[in-house]
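Beneath this line is the structure, given in structure tokens, with notes to follow.
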Amino acid sequence: MARRIDSTPKKDGYRMPGEFEPQKQIWMLWPERPDNWRDGAKPAQKAYANVAKAISQFEPVTMCVSKEQYANCRNALPPEIRVVEIASNDAWIRDCGPTFLVNDKGGVRAVDWDFNAWGGLVDGLYFPWDMDQMVAQKVCEIEGIDTYRTPGFVLEGGSIHVDGEGTLITTEMCLLSEGRNPHMSKEEIEEKLKEYLNLEKIIWIKDGIDPDETNGHVDDVACFVRPGEVACIWTDDKDNYFYDACQAAYKTLSEATDAKGRKLKVHKLCMPKKNVTIKADFAIDTVEGTIPREDGDICIASYMNFLIVNGGVIVPQYGDENDKLAIEQIQAMFPERKVVGVDTWEIVYGGGNIHCITQQQCK
Numbered sequence: 608m609a610r611r612i613d614s615t616p617k618k619d620g621y622r623m624p625g626e627f628e629p630q631k632q633i634w635m636l637w638p639e640r641p642d643n644w645r646d647g648a649k650p651a652q653k654a655y656a657n658v659a660k661a662i663s664q665f666e667p668v669t670m671c672v673s674k675e676q677y678a679n680c681r682n683a684l685p686p687e688i689r690v691v692e693i694a695s696n697d698a699w700i701r702d703c704g705p706t707f708l709v710n711d712k713g714g715v716r717a718v719d720w721d722f723n724a725w726g727g728l729v730d731g732l733y734f735p736w737d738m739d740q741m742v743a744q745k746v747c748e749i750e751g752i753d754t755y756r757t758p759g760f761v762l763e764g765g766s767i768h769v770d771g772e773g774t775l776i777t778t779e780m781c782l783l784s785e786g787r788n789p790h791m792s793k794e795e796i797e798e799k800l801k802e803y804l805n806l807e808k809i810i811w812i813k814d815g816i817d818p819d820e821t822n823g824h825v826d827d828v829a830c831f832v833r834p835g836e837v838a839c840i841w842t843d844d845k846d847n848y849f850y851d852a853c854q855a856a857y858k859t860l861s862e863a864t865d866a867k868g869r870k871l872k873v874h875k876l877c878m879p880k881k882n883v884t885i886k887a888d889f890a891i892d893t894v895e896g897t898i899p900r901e902d903g904d905i906c907i908a909s910y911m912n913f914l915i916v917n918g919g920v921i922v923p924q925y926g927d928e929n930d931k932l933a934i935e936q937i938q939a940m941f942p943e944r945k946v947v948g949v950d951t952w953e954i955v956y957g958g959g960n961i962h963c964i965t966q967q968q969c970k
């Protein structure tokens with residue numbers, strides 16, 4: 608039975624582990640919104656299935672799906688991938704799902720953050736988001752995991768990365784945005800993160816590369832490879848759309864120290880050579896309450912939006928000339944893991960990538 612805990616993880620000795628620590632399984636949400644995904648979401652569903660299959664080489668995967676799409680989803684996935692019926696407004700479990708925690712006695716709990724579709728009524732991407740708001744609780748009910756709630760405090764999983772040893776990386780662009788927690792100061796937000804993820808230090812990168820959709824989630828920009836080491840997006844090309852953000856993030860991380868006082872080792876990860884853009888012939892429905900997707904819109908295609916799993920790393924591929932280089936660079940960061948590339952431009956068209964559509968449950 609899953610209970611709501613009226614305390615905080617820090618008080619109870621629970622922490623958010625690094626993504627590179629042991630995992631029990633990966634959770635995903637099946638896409639179907641015709642106002643976000645082109646062609647009735649069929650190309651996106653194929654891409655999600657390919658991501659799920661790649662992950663399942665390394666650890667179990669659970670796909671959550673609406674009752675309307677259950678039969679289609681079950682048919683699209685191999686039998687080893689579990690399919691459960693959970694309603695949602697869209698398919699971004701990184702952001703609306705639970706953040707799992709561990710203690711040093713083998714216990715697992717989770718944080719159930721407030722979710723408001725990346726900005727609520729200020730600059731959120733759709734309305735309503737009521738079913739998304741229930742996803743974390745339902746996942747924890749299925750697994751029998753106790754949760755901490757943060758009523759009145761909005762946070763998405765894609766906006767944070769931790770080293771499991773007291774350090775978190777995030778962006779000011781996202782966490783200080785008007786649509787998240789405008790009633791709180793930067794210091795108050797820091798204290799909330801420290802209390803609910805058991806942290807000692809927050810490293811603030813100024814901007815992300817996705818101001819219009821997620822308000823600059825960090826999982827497109829940087830992540831912890833292991834304690835004391837981070838990966839950061841990089842380009843030397845001054846004409847690259849993301850040049851300024853890459854340079855600034857790299858400078859910030861290169862000058863940073865973690866909670867243990869270590870100067871961070873920063874690994875550079877290339878960006879795609881060409882921009883991925885929405886095309887005029889995409890059949891994407893226009894629906895009231897949703898920001899329309901228009902011809903020429905630049906999508907946020909970052910190789911950084913990979914997922915670390917048990918013994919592996921699942922990496923986005925875009926049919927770009929830098930695809931191979933990105934795989935090589937990530938393999939060098941993770942010599943002990945098998946790096947697997949998956950074509951994900953259909954997911955990018957919808958506003959995210961592999962990390963955004965997955966959520967790891969720790970052991």
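In this note's numbering, the protein residues as written are 608 to 970.
All C-beta atoms, glycine included, are put in the ideal place defined by N, C-alpha and C.
Cβ neighbours of residue i in the same chain (closer than 7 angstroms, five flanking residues each side left out)
i              : result
proline 624    : Val709, Gly771, Cys969
glycine 765    : Arg701, Asp702, Thr821, His824, Asp826, His962, Cys963
lysine 945     : Gly918, Gly919
glutamate 628  : Gly771, Cys969
methionine 940 : Val832, Ala838, His874
Beta-carbon proximity check, residue i vs residue j, cutoff 8 angstroms
i                 : j              : result
valine 949        : glutamine 966  : no
asparagine 822    : lysine 617     : no
glycine 959       : asparagine 643 : no
aspartate 927     : lysine 880     : yes
threonine 754     : cysteine 747   : yes
alanine 656       : alanine 694    : no
glycine 751       : alanine 852    : no
phenylalanine 651 : isoleucine 885 : The residue you asked about is not phenylalanine; residue 651 is alanine in the sequence shown. In this structure, isoleucine 885 does not lie closer than 8 angstroms to alanine 651 by Cβ.
isoleucine 905    : isoleucine 662 : no
isoleucine 810    : threonine 778  : no
serine 673        : glutamate 626  : no
threonine 951     : valine 658     : yes
alanine 829       : leucine 860    : yes
Those residues which DSSP pairs with residue i across a bridge
i             : result
glutamate 692 : Val672
leucine 783   : DSSP output for leucine 783 lists no bridge partner at all.
alanine 829   : Cys839
cysteine 969  : Gln630
threonine 775 : The residue you asked about is not threonine; residue 775 is leucine in the sequence shown. DSSP, once it has assigned bridges, lists Val769, Ile809 as partnering leucine 775.
Residue i to residue j span [Cα, whole Å]
i             : j             : result
arginine 701  : aspartate 814 : 20 angstroms
alanine 678   : aspartate 739 : 21 angstroms
aspartate 737 : arginine 833  : 35 angstroms
lysine 793    : leucine 783   : 7 angstroms
valine 873    : glutamate 675 : 45 angstroms
glutamine 630 : arginine 689  : 16 angstroms
histidine 790 : alanine 933   : 40 angstroms
glutamate 785 : valine 729    : 7 angstroms
alanine 856   : tyrosine 733  : 29 angstroms
Cβ-based neighbour list, residue i, same chain, cut-off 6 angstroms, excluding 5 preceding and 5 following
i                 : result
phenylalanine 889 : Arg645
glutamine 936     : Leu876
proline 641       : Gly647, Asp892
threonine 842     : Tyr850, Cys853, Met878
Range covered by the alpha helix (DSSP H) that runs through residue i
i             : result
proline 758   : No alpha helix (DSSP H) contains proline 758, which is instead part of the beta strand (DSSP E) from 754-761.
lysine 649    : 649-663
threonine 859 : 850-861
N-terminal and C-terminal residue of the beta strand (DSSP E) that residue i is part of
i              : result
isoleucine 633 : 630-636
proline 923    : 919-924
arginine 610   : Per DSSP, arginine 610 belongs to no beta strand (DSSP E) and is neither H nor E.
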